[in-house]
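Residue numbers (my numbering): 1099 to 1354. All residues carry an ideal CB built from backbone N, CA and C; glycine is no exception. Presented below is the structure to which this report refers.
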DNA sequence: ATGGCCTGCAACGCAGGA
């Protein structure tokens, strides 16, 4: 089972890239973030024609998450139970007995922002919920845009980023809390090139200069991680005309 | 040198992203 996550930064704009990429990468399950469209205009037909069933939870202008799957999807759930949130950032569904949790974790804007307070509270709610969800679903994968670079090696210039969102200690502590639940960072299960990133700023020729961050992740539960055979970042879509600022991250499972 | 770019909304500039 080939899993993927991709922040598309507007599904409307990126649909042609997505359809091309589905055809070439052939993932079984894809988690999308920042679809930025309401559910009534989600491109169900185009994706069905490409061989994918969809679950989605969107809103106007901002946020929006979706799960695409070549295999049947069941038990779809939106949001974090008991955590009131207008923003559409969480979608969970079961595919072939694997609980897929798609997240678009808040950015936080800056350490002195109300959005940062929201980010930390949001992460606490996610961690508490996942602790239970992993009991119910031992085969669980948490995929998405985490807006956290877990370690300094996941940041192109750690010194320049001190005191900013994505790298702050409270955010990293919450990423560690996810690992402490037993989740494993699929990408780090394998040897990887130095300066591997999943997002690059549109400005300053960030991609060409590889001024990036690794903030899109696939975490696997203890029952899934031993069956992970590969994990990589696919930089190809970032090289196209009018790309998303994020690029897909993949993990391949060979389940018994 | 703290901007630079992209998207959506609806406008001729803003919010938000990261």
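Other residues of its chain near residue i: CB distance less than 6 Å, five sequence neighbours each side excluded
| i | result |
| --- | --- |
| residue 1325 | 1351, 1352 and 1353 |
| residue 1190 | 1175 and 1199 |
| residue 1120 | 1148 |
| residue 1192 | 1172 and 1173 |
| residue 1197 | 1235 and 1238 |
| residue 1188 | 1177, 1178 and 1201 |
| residue 1323 | 1282 |
Cutoff 8 Å; reference residue i; Cβ partners in own chain excluding five residues on either side
| i | result |
| --- | --- |
| residue 1209 | 1261, 1262, 1263 and 1266 |
| residue 1185 | 1157, 1160, 1161 and 1204 |
| residue 1111 | 1340 |
| residue 1106 | 1112, 1115, 1116, 1130, 1131, 1132, 1133, 1342 and 1344 |
Cβ shell of residue i (< 7 Å), same chain only, five flanking positions each side left out
| i | result |
| --- | --- |
| residue 1313 | 1243, 1244, 1245, 1246, 1247, 1264, 1296 and 1297 |
| residue 1227 | 1178 and 1179 |
| residue 1170 | 1151 |
| residue 1195 | 1237 |
Three-state secondary structure assigned by DSSP to residue i
| i | result |
| --- | --- |
| residue 1106 | coil |
| residue 1151 | strand |
| residue 1351 | strand |
| residue 1333 | coil |
| residue 1342 | coil |
| residue 1318 | strand |
| residue 1117 | helix |
| residue 1101 | strand |
| residue 1166 | strand |
Exposed unless 16 or more other CB atoms sit within 10 angstroms - verdict on residue i
| i | result |
| --- | --- |
| residue 1204 | buried |
| residue 1124 | exposed |
| residue 1224 | buried |
| residue 1238 | buried |
| residue 1269 | buried |
| residue 1283 | buried |
| residue 1308 | exposed |
| residue 1153 | buried |
| residue 1288 | exposed |
| residue 1219 | exposed |
| residue 1302 | exposed |
| residue 1182 | exposed |
| residue 1101 | buried |
| residue 1122 | exposed |
| residue 1039 | Here the chain has residues from 1099 to 1354 only, and residue 1039 is not among them. |
| residue 1240 | buried |
| residue 1310 | buried |
| residue 1336 | buried |
Does the region 1339-1350 touch the region 1273-1280, meaning 3 or more C-beta pairs lie closer than 8 Å?
-> no
Are there three or more Cβ pairs, one per stretch, closer than 8 Å when the region 1130-1140 is compared with the region 1163-1174?
-> yes
Can you check the region 1225-1313 for any beta strand (DSSP E) of at least 3 residues that lies completely inside it and give the ranges in chain order?
-> 1238-1243
Given 8 Å as the limit, is there contact between the region 1199-1215 and the region 1250-1257, that is, 3 or more CB pairs closer than that?
-> no
Along the chain, which unbroken stretches of the beta strand (DSSP E) at least 3 residues long are found entirely within the region 1171-1218?
-> 1171-1176, 1188-1193 and 1196-1202
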